[in-house]
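Residue numbers (the numbering used here): 3 to 59.
Encoded as structure tokens, the structure appears first; notes follow it.
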Amino acid sequence: MASHSNSNSNSNSNSNSNSKGLLKSRELHEYVLETVVYPREPELLKEIRVITANHPQ
């Protein structure tokens, strides 16, 4: 039984690492950011986001 739950958790962790939570596609995620999040973003936070967008992780 333990090995069965481990295989499920491994497959779930792989699928979760590629997902954005409820927003499963990258296009939908970008759409929500551009239509809901970014328009409400304060100017200072927008500047910080733009400056750090290309920062190496």
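Glycine residues also receive a C-beta, built at the ideal position from the N, C-alpha and C atoms.
If you draw a straight line from the Cα of Gln-59 to the Cα of Leu-30, it comes to about 24 Å. Pro-41 carries a helical assignment under DSSP once its states are collapsed to helix, strand and coil. The Cβ-Cβ distance between Leu-25 and Val-34 falls below 8 Å.
Spatial neighbours of Glu-43 in its own chain (CB-CB distance under 8 Å, excluding positions within 5 residues in sequence) are listed in chain order as Arg-51.
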